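A.B. asks:
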Amino acid sequence: MLLVACAVAFLGVVLMLALRDRSLIWETDGRLLYLPFMIAEGEWIRGIAASLLAGSPSVPVYSFDLGFGADWLITASGNSNEPLNLLAALCPREFSEYFYAFLVFLRFYLAALTFSLYCFSRGKGKGATLVGALCYGLCGYVVLWGVLRHPNFIDFAVLLPLVFMGADKLFARKNPLLFVLAMAGIFVYSIYFAYMACIFLLFYCLITYFAYPRARSAGDFLLLAGKFALGLVVAFALVGFSTVPMFLTLTSMGRVGIVRDIAFFQTPDFYASFAAVLLGDHTAQNASVLGAVPVIAMLALAVAGSAIDRYERRAWGAGIALCLAGAMLAKVGSLMNGFGYPTDRWELILGFCAAYAVVLLVPAVTRLTARQWGALAVLAGAVGAWALWYAVGERTLLGFAVVAMFAVVFAALAGWAAWHRRVRARSGKMPRLLRPQALCVLLALAVVVNAAGQTGIFLSSQGSLYYKEFLRADHGLSTREQLDLAPALDEVDDAYRINRTDTTYGRNGSFVHGYKGFDFYSSFYNQVVDDFRQSLGLSDDVKSTMFDGTEQRAALDYVLGARYYISSSEAADLVPEGYEKVADLGEAHNGLSYALYETDRALPVAFTYETAVPQSVYDDLNLVERQELMTRALVLGIDRELAGAPELETESEAPSVVSADGACVQDGRIIATKRDASVTLAFDGRPDCETYLCFEGFRFASLPAADADLLAGDPELAVESLPGDPGFVPGRTAWVSVTGEARDDSFEMVTSASPKYAGKEDWAVNAGYSAEPQTALTVTLSAVGVYEYDELYVATQPQQAVLDNTAQLQRENAATITFGDNAMEVHVDASDHADGEGNGENSRYVFVSVPYSAGWSATIDGQPADVLRANVGFMAVEVDDAAHDVSFSYMMPGLLPGFGCTGVALGALVAYEVWRSRRRTAVREDVSEKELVR
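Residue numbers (this note's numbering): 56 to 989.
#1: For the putative contact between Arg315 and Tyr812, defined by C-beta atoms under 8 Å, what is the C-beta separation to the nearest angstrom?
#2: Could you tell me which of Asp731, Ala456, Tyr259 and Ala727 sits nearest to Asp762, measuring between CA atoms?
#3: Are the CB atoms of Asn563 and Phe91 within a distance shorter than 8 Å?
#4: From Val839 to Arg588, what does the alpha carbon distance come to, in whole angstroms?
#5: Can you name, in chain order, every residue of its own chain whose Cβ lies under 6 Å from the Cβ of Thr873, other than the five neighbours on each side?
#6: Which same chain residues end up closer than 7 Å to Glu708 when comparing Cβ atoms and leaving out the 5 residues on each side of it in sequence?
#7: In the DSSP assignment, find the unbroken alpha helix (DSSP H) run with Trp99 in it and report its ends.
#8: Would the beta-carbon of Gly991 fall within 8 Å of that of Asp223?
#9: What does a CB cutoff of less than 6 Å around Gln427 pick up in its chain, not counting 5 residues either side in sequence?
#10: Could you work out which residue in Gly768, Gln865, Phe902 and Gly962 is closest to Ser942 when comparing CA atoms only?
#11: Counting only runs of 4+ residues fully inside the segment 172-235, write out the alpha helix (DSSP H) ranges in chain order.
#12: Go through its chain and collect everything with a Cβ distance to Leu452's Cβ below 8 Å, but skip five positions before and after it.
#13: So, under 8 Å CB-CB, Ser78 and Gly436 are touching, yes? Tell me the CB distance rounded to an integer number of Å.
#14: List the residues that DSSP assigns as beta-bridge partners of Arg724.
#15: For Asp876, is the classification buried or exposed, using 16 other Cβ atoms within 10 angstroms of its Cβ as the cut-off for buried?
#16: Within 10 angstroms of the Cβ of Lys571, are there 16 or more other Cβ atoms? Answer buried if so, exposed if not.
#17: Would Phe234 and Phe163 qualify as a contact pair, given that the criterion is a beta-carbon distance under 8 Å?
#18: What residue range does the beta strand (DSSP E) around Lys636 cover?
#19: Using the Cα positions of Arg973 and Leu236, report the straight-line distance between them to the nearest angstrom.
#20: Return helix, strand or coil for Ser662, following the three-state DSSP convention.
#21: When the Cα of Arg487 is compared with those of Ala410, Ala499, Trp471 and Arg481, which residue comes out closest?
#22: For the alpha helix (DSSP H) holding Val344, just list the boundary residues, first then last.
#23: Using 8 Å as the threshold, is the C-beta distance between Leu591 and Ala819 below it?
#24: Excluding five sequence neighbours on each side, which residues of the same chain lie with their C-beta closer than 6 Å to the C-beta of Ser106?
#25: Would you tell me roughly how many angstroms separate the C-alpha atoms of Glu290 and Gly381, rounded to the nearest one?
#26: Provide the residue(s) that pair with His882 in DSSP beta bridges, ordered along the chain.
#27: Taking only the alpha-carbon atoms, compute the straight-line gap between Lys598 and Ala249 and give it to the nearest angstrom.
#28: For Ala856, which three-state DSSP category applies?
#29: Count the other C-beta atoms from every protein chain shown that fall within 10 angstroms of the C-beta of Thr306, then say buried if there are 16 or more, exposed otherwise.
#30: What does a CB cutoff of less than 6 Å around Asp884 pick up in its chain, not counting 5 residues either side in sequence?
#31: Use the C-beta contact count for Tyr326: other C-beta atoms within 10 angstroms, 16 or more gives buried, fewer gives exposed.
#32: Going by the CB atoms, is the gap between Val857 and Thr686 shorter than 8 Å?
#33: So for Arg588, helix, strand or coil by DSSP?
#34: Is it the case that the segment 656-666 contacts the segment 536-556, given that we only count it when at least three CB pairs across the two stretches are under 8 Å?
#35: Cutting at 6 Å between CB atoms, please list the residues of its own chain near Ser807, excluding the five before and the five after it.
#36: With DSSP run on the structure shown, which of helix, strand or coil describes Ala793?
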C-alpha cells in the first residue's frame, strides 16, 4: 500500500515536468554533478571488477581530468559515497537518465518507508502512519530540495527516522546497533548532514527524557548521555575509511569557518510570507513547505487536550515550537549550516515533526469535541487569513491556491468529524465513509492532491516557470556530453591541457570527456587551487567551489599547459593571440558550433625549472607580476635561502578618473548613487601588452540611495556614521563590468551574508591583449552602494616578455610525463649544462601542474623524495643535473588511519554483540521502546 501511495504521490509531484517533456535532471547540479558522477561511479565499479577478473586489480581514485586534477571520490562526495549510487554499476550508460529518475523515486519511497518504521516502532496504526509517511515524503525538504534539485539530499530524510528509532532503543535499554548503524550511514554519506543530525539528536533526547515518564536522576541522565556519545564515536569510527578523509578535506577548505555578517532575524518579507510558505506558497526551493494537513495537525496539538496522549502532545508540541522558533531566526539557519550562510535545509526536522503530528491527529479526529474543533477553527482561520493577506499583496495564483486548498481541506475534515459526532450520538451504524479507514484514505488523497497542486503550479507557466530549470526528456546524455570529442582527443597530446573560452556546455566537461582541463565544479575542492587562484585575482567566479580557467591570461595558459583551446563560435574572439584553429568539433546540443585551437607556446604538464624563489618573493609582488614571475622561476612554499626576485617587465600605474555617471570616486572607495553607475579611468598604457585593471581589498556594501548620496557629498563621512533606513533590505551581490578597447569582462562581488561568499577581495580583470596601448577602461557598477578598495591600479604585461620567458623554459625542459592509475611517471634527461649523464650537482626542479596534496608521495630512482608545494598550488620535486626517473603515487589522505578506525570500531561492535548475546540469556530485557509513548 505504501509503495502504491508513494508512486501516485511521486507522479503527482513530477506531473508538470512530464507534461512539459522535461526530465528530473536539474539543469545546474543535476547536469554538471549528479548525472556525470552517477555514470562515472558505475563505470568505476565496472572497471574495478574488470581489473579483478583480469588478475591485475586497480582502484583509481585520482582523476587528472577533473579541474587541474583531483581525488574524484572526495570531489564527488555525496554522490560517490551515496549507497544507492552503487547500483549504477548495473545500469548501461544509455539508460542513465531513466535510472537517475528511478533512484530519485527510490529515495522518495525509502524516506516514507523509514518514517513508517519509526511510527510502527512507537505503536502507531497503519492508516495514520500511511498518511504521516506521505506528509513526510511530500514536505518541502524532500520535494523541493531533494526531488527537484539535489536527489542525494533525500538520503538524510531516509536515515533520520532510523536514527530516532535507534535513540528510542537506547532510552529503552535495548541494543544500540540500529543507532550506531543509522548514524554511520549519515556519516558516510555526509559529514555536513551528520552535523545537523547530531543537533537534532540532542534536542530529541532532551525532549524525550523530560517529556515522557521516566525515573529521572543525575546518574541516569549521565549514563544515557555517555551511551549516546559513545554511540556517535563508534558510528564515526565505523565508517572511518570515509569520514576521516572527508573530515580532513572539509576542514582544509577556506570557505568552512569563514567569518560572515549574519543578521539575527529574518527579513520582514520572510515573516509576512511565513504562513503562506508553510501552506505551500513559494517562489524557490523552501524546506518550510508542509501543506494543509500537516499545518492542521500542528495546530491541533495546541487544542487537542486529552484527545491526544498528553506525553506525546507535550513532546511533539515542544519539538514543533522549537522548529518554528528556529525558522524565524536567520542565526539558527547559520548555526545549522555550520555557522555558514543561513539555509533552511535543516527544516527537514520540521517536516518530520509535522508528519508525526499528523500520525497523532488521525486517530484523534473523532475524539476532538465540538469545542475543540471550534478552537482549532479559530487557529486555522488565523493562519488562513495570514496567508491570504500575503497572497493579496503578491497576487499570485499559487498564493491564492494554497489558501483555497487549506480552507477546503480543513472544512472537509471538520465536516467529516461533525458528521461522525452526529452519527455516533444517535448510536447509529457508521457508514463506510465514516470509518477510520475511510478517513485515512481521504486524508492521504488530500495530502497528495495538495502537494501535487502546489508543486504543479510552482513548476508551471502560471507559477515560477521552474520546469525550465530541467533538461528535456531523453536529452540527459546528449546534454551532458554536448560534443563528440573522441576523434579530436585522439590527436591531442596527453601531456598538455585543453582550456576553454567559455563554459556554455558546462563545467567538469574535461571529466566527462576524459581530457586534462581547467574548469571545475564541486562543493569539495582542494584548497591549494583556490589559494593559487585568489593569489592571482582570477575573477571568473566569486565562489571557491567553481572556476572556469585562466581568463585567457597568456602567462598562466603557458605555464599550466594550455596547448589547446576549445571555443564556441560566439566566443571565438576570446581565443588568445597565438592559437590557431586546427579542427572543427561540430555543433553541440546548445546549438553552438565549436572548434579546437592549438599553440606551440605552452609548456607541458611536467617541465623543469632551473631557478627557484621562495614564497615570500611571490607574496611581495602584485597580482599581475606574480604570473610573470612563474614564467621566470619556480615559486617554492618552503623556508630556505633561494634566488632573489628576478627583473620583471610588468608595470603598474594608478589610473585617473576622466568621467563618471552616477558614481563618485573618493580616497579608497567608489560610491554608486544609482544602478549601473559608471566610472571611466584613464592611464598611459603600453603597446604589445595584456592590460589588467586590479582591485585589492575590494569590498561591497549595499546602501539606500539616500545614504549613498550622503557619502558622495562628504568624502570624510564614514559608512558607520550613516543614519540608515530600518526598512531597507541590503542587497548581497553586485556585478562589476570592465569595458576596454580589446575586450569586456565582468565579475560578481558578494557580501559576507551571501551563500556565495568565500572571502575573495582581490580581482585582476584581464582587459585583453592589444598591439596598441590601451589608455582607458570603463567600470560599471550594477548596485547602489559603496565599493571600498585598498589598492586600485592598472598593470600592463608585455606579451613578448612572457613569450621569451616560456620559450626559455621550453628550451631548458628535460622532463616527459606519462599518467597511470593514481600515478605519474616523469623521466628527466640530464641537464644540457652537464657533461654526459651529469655530475649530480646543480639543483633543478621538476614542476608538475597537478594540485599539491598530502596524498601525493614521490620517489627519485626508487628512493623516497620530498614533494614540494610549488607555484602556490602545485607540486615539484628537486633533482640534480643527472638523468632521473621520478615516480609520483597517490593515496587518499587519511584513508589508512580511517581504515584503522573502521577496524577498531568493527571489532568493538562484534565484541559487544557477543557479550550482549551471552548476557541476554541470563538477564531479561528491560522495557519496549513502545512503552515510551504509552
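Heads up, the beta-carbon is just placed ideally off N, CA and C, and yes, glycines get one too. All values reported here derive from a predicted model rather than from experimental measurement.
C.D. replies: Reading off the structure:
#1: About 6 Å separates the two Cβ atoms, so the contact holds.
#2: Relative to Asp762, the option among Asp731, Ala456, Tyr259 and Ala727 whose CA is nearest is Ala727.
#3: Note on identity: in this sequence residue 91 is Pro, with Phe being the wrong assignment. Contact flag set, yes.
#4: Each residue's alpha carbon lies about 28 Å from the other.
#5: If we look at Thr873 and ignore the five residues flanking it on each side, its Cβ neighbours are Glu880.
#6: Same-chain partners within the cutoff: Phe738, Asp739, Tyr848 and Val849.
#7: Where Trp99 is concerned, the enclosing alpha helix (DSSP H) stretches over Leu90 to Leu108.
#8: This structure cannot speak to residue 991, because the chain is shown only from 56 to 989.
#9: So the qualifying residues of the chain are Val358.
#10: Distances from the CA of Ser942 to each of Gly768, Gln865, Phe902 and Gly962 were compared; the closest alpha carbon is that of Phe902.
#11: List check, alpha helix (DSSP H) in window: 181-192 and 209-226.
#12: Correct list, in chain order: Ile512, Gln517 and Gly518.
#13: Contact doesn't hold; Cβ gap of about 41 Å is too wide.
#14: Answer is Gln721 and Glu843, bridged to Arg724.
#15: Per the 10 Å Cβ criterion, exposed.
#16: By the 16-neighbour rule on beta-carbons within 10 angstroms, Lys571 is buried.
#17: Contact flag unset, no.
#18: Where Lys636 is concerned, the enclosing beta strand (DSSP E) starts and stops at Glu635 to Glu642.
#19: C-alpha of Arg973 to C-alpha of Leu236: approximately 22 Å in a straight line.
#20: In the sequence as displayed, the identity of residue 662 is Phe instead of Ser. DSSP places Phe662 within a strand segment (E or B) once states are collapsed to three.
#21: When C-alpha distances from Arg487 are compared across Ala410, Ala499, Trp471 and Arg481, the shortest belongs to Trp471.
#22: Per DSSP, Val344 belongs to no alpha helix (DSSP H) and is neither H nor E.
#23: Yes, Cβ-Cβ distance for Leu591 and Ala819 is below 8 Å.
#24: Non-local beta-carbon contacts of Ser106 in its own chain, meaning distances under 6 Å to residues more than five positions away in sequence, involve Pro112 and Ser113 in chain order.
#25: Rather than Glu, the amino acid found at residue 290 in this sequence is Ala. A straight-line Cα-Cα distance of about 28 Å links Ala290 and Gly381.
#26: BP columns for His882 point to Thr871 and Asp940.
#27: Their backbone Cα atoms lie some 24 Å apart in a straight line.
#28: Of the three classes helix, strand and coil, the one that applies to Ala856 here is helix, per DSSP.
#29: Residue environment: Thr306 is assigned as exposed (fewer than 16 neighbouring CB atoms within 10 Å of its CB, all protein chains considered).
#30: Once the five neighbours on either side are set aside, the close Cβ partners of Asp884 are Ala869 and Ala938.
#31: Exposed is the call here.
#32: Closer than 8 Å, so yes.
#33: Looking at Arg588 - three-state DSSP - the assignment turns out to be helix.
#34: Below 8 Å, enough C-beta pairs join the segment 536-556 and the segment 656-666 to call them touching: three or more.
#35: In chain order, Arg315 and Asp316 place their CB closer than 6 Å to the CB of Ser807, counting only its own chain and leaving out the 5 sequence neighbours on each side.
#36: Looking at the sequence itself, residue 793 is Val, so the reference to Ala does not match. Reduced to three states, the DSSP call for Val793 is strand.
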